[in-house]
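S.K.: Sequence order for the protein chains is A and V.
All residue numbers for the first sequence refer to my numbering, where the first residue is 1 and numbers rise by one.
All residue numbers for the second sequence refer to my numbering, where the first residue is 109 and numbers rise by one.
There's a structure below that I have some questions on.
Number of protein chains: 2
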Amino acid sequence: MVDKEMMKGSIDLVLLSLISQRDLYGYEITRILKHLSDDTYEMSEGTLYSALKRLERKGWIESYWYDTEIGRRKYYRLTEKGGEELKRKQENWKMVESLVQKSSEELT
Amino acid sequence: MVDKEMMKGSIDLVLLSLISQRDLYGYEITRILKHLSDDTYEMSEGTLYSALKRLERKGWIESYWYDTEIGRRKYYRLTEKGGEELKRKQENWKMVESLVQKSSEELT
DNA sequence: CGATGCACCTCGTATTACAAGGGTGCATCG
DNA sequence: CGATGCACCCTTGTAATACGAGGTGCATCG
């Protein structure tokens, strides 16, 4: 559908954004992304879980197990540090956004 | 200044955008990016030249030498294939843009 | 029973972006 | 004249990234 490497470089930002809104579990995240992209993008689980691990290792998210009748789920929640990082990444994103835009507009 | 890894994933798009407007040489590109970012971002030359090599290897840009009184410069120009790739990457970018936005807004 | 969906995970690999280095030649300054 | 700085190009090594392919277990549906 779309470029498989579409999200390269933006995965952490997107994940932190999503988790900042409410606690989510892995599989749920893939469903949300699929939905938000109108079924054009499906994040591979290999990508997702290693990204979540990375975010946790860096202290930006924390996880906890939650058992439902239909099985166990590992939920992730944003930490304070993760909130700060999200802010940084958002500003960063704005910068890149403006560069991408300018690079296709003006050339001084 | 900004995150050193700021451009991760967007370098190719930015470079193709810039070169699509007019032929450019390497050093000039670093100057333009610095200017467009209001001096907050300076692409390391290692990054730039290996990116240019990559783009050339993929057939998206072509290079030619040009001699001025003050020395030789290696200019890069967009190929037809590069034009198509640029278009693809731009659509891709819009997708990611919308995901980044949505991920910090709604959660269905 | 087999397939499908939910839910998690690991491993190996190619690619990427970077820093750190190296090189040339010209101009300017002391 | 020598040093410094700028303009310009390049290579190498490394850490991190994103991915596909594979694996587990359970429940449900046909």
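Each residue gets a CB set at the ideal place from its N, CA and C atoms; glycine is no exception.
Under 8 Å by Cβ, that's how I've got Val-14 (chain A) and Leu-207 (chain V) pegged, so tell me the actual separation to the nearest angstrom.
M.R.: That belief holds up - the Cβ atoms of Val-14 (chain A) and Leu-207 (chain V) are roughly 6 Å apart, short of 8 Å.
S.K.: Restricting to Cα atoms, I'd like to know which of A:Glu-5, A:Lys-4, A:Val-2 and A:Gln-21 is closest to Gln-209 (chain V).
M.R.: Selected option, being the one with the closest Cα: A:Gln-21.
S.K.: When the distance is taken between beta carbons, is Trp-60 (chain A) closer than 9 Å to Lys-74 (chain A)?
M.R.: No, the Cβ-Cβ distance between Lys-74 (chain A) and Trp-60 (chain A) is not below 9 Å.
S.K.: At a cut of 8 Å, does the segment 1 to 9 of chain A reach the segment 39 to 58 of chain A through at least three beta carbon pairs?
M.R.: Yes, the segment 1 to 9 of chain A touches the segment 39 to 58 of chain A.
S.K.: Which residue wins for smallest C-alpha separation from Arg-185 (chain V), given the options V:Tyr-135, V:Glu-192, V:Glu-170 and V:Glu-193?
M.R.: If we check each option's Cα against that of Arg-185 (chain V), V:Glu-170 comes out closest.
S.K.: Along chain V, which residues have their Cβ under 8 Å away from the Cβ of Leu-99 (chain A)?
M.R.: Neighbours of Leu-99 (chain A) on chain V, chain order: Met-115, Ser-118, Val-122, Leu-141, Leu-144, Ser-145 and Tyr-149.
S.K.: Where do the ends of the alpha helix (DSSP H) carrying Thr-155 (chain V) lie?
M.R.: Start and end: 153 to 165.
S.K.: Since Ser-212 (chain V) and Ser-17 (chain A) should fall inside the 8 Å C-beta cutoff, what is the C-beta to C-beta distance between them, to a whole number of angstroms?
M.R.: So it is a contact: roughly 4 Å between Cβ atoms.
S.K.: Whose Cβ in chain V lies nearer than 7 Å to the Cβ of Lys-102 (chain A)?
M.R.: Under the 7 Å cutoff, chain V gives Leu-144.
S.K.: Under 9 Å between the Cβ atoms of Thr-109 (chain A) and Leu-48 (chain A)?
M.R.: Residue coverage of chain A in this structure runs from 1 to 108, which leaves residue 109 (chain A) outside it and unanswerable.
S.K.: Hey, could you find the ends of the beta strand (DSSP E) Asp-67 (chain A) is sitting in?
M.R.: Note, Asp-67 (chain A): beta strand (DSSP E), 61 to 68.
S.K.: What would DSSP say about Arg-73 (chain A), mapped onto helix, strand or coil?
M.R.: Looking at Arg-73 (chain A) - three-state DSSP - the assignment turns out to be strand.
S.K.: How big is the Cα-Cα spacing for Ile-109 (chain A) and Glu-193 (chain V)?
M.R.: In this structure chain A extends from 1 to 108, so residue 109 (chain A) is not present and cannot be described.
S.K.: Between Ser-44 (chain A) and chain V, is any beta-carbon pair separated by less than 9 Å?
M.R.: So no, Ser-44 (chain A) is outside the interface.
S.K.: Compare the Cα-Cα distances from Met-7 (chain A) to each of A:Ala-51, A:Gly-26 and A:Tyr-25 and report the closest residue.
M.R.: Selected option, being the one with the closest Cα: A:Ala-51.
S.K.: Can you look up Tyr-25 (chain A) in the DSSP assignment and give me helix, strand or coil?
M.R.: It is a strand residue.
S.K.: Between Lys-197 (chain V) and Asp-120 (chain V), which are expected to be in contact by the criterion C-beta below 8 Å, what is the C-beta distance as a whole number of angstroms?
M.R.: About 7 Å; that satisfies the 8 Å criterion.
S.K.: Grab the span of the alpha helix (DSSP H) containing Lys-197 (chain V) for me, first residue to last.
M.R.: It spans 188 to 211 - the alpha helix (DSSP H) in which Lys-197 (chain V) sits, taken as one unbroken run.
S.K.: Who are the Cβ neighbours of Ile-70 (chain A) in its own chain at under 8 Å, not counting the five residues just before and after it?
M.R.: The answer is none, since no qualifying residue turns up.
S.K.: Check whether the Cβ of Lys-166 (chain V) lies closer than 9 Å to any Cβ atom in chain A.
M.R.: Not closer than 9 Å to any Cβ of chain A, the Cβ of Lys-166 (chain V) fails to qualify, so no.
S.K.: Quick one: residues in its chain with C-beta nearer than 8 Å to the C-beta of Thr-187 (chain V), no 5 flanking neighbours on either side, listed in chain order?
M.R.: Contacts found: Gly-167, Trp-168, Ile-169 and Glu-170.
S.K.: Is it buried or exposed, Gly-190 (chain V), if we count other Cβ atoms within 10 angstroms and call 16 or more buried?
M.R.: Its Cβ being crowded by 16 or more others within 10 Å, Gly-190 (chain V) is buried.
S.K.: Can you pull out the residues from the segment 65 to 94 of chain A whose beta carbon lies closer than 9 Å to at least one beta carbon of chain V?
M.R.: Against chain V - using a Cβ distance shorter than 9 Å - the residues of the segment 65 to 94 of chain A are Leu-86, Arg-88, Lys-89, Gln-90, Glu-91, Asn-92 and Trp-93.
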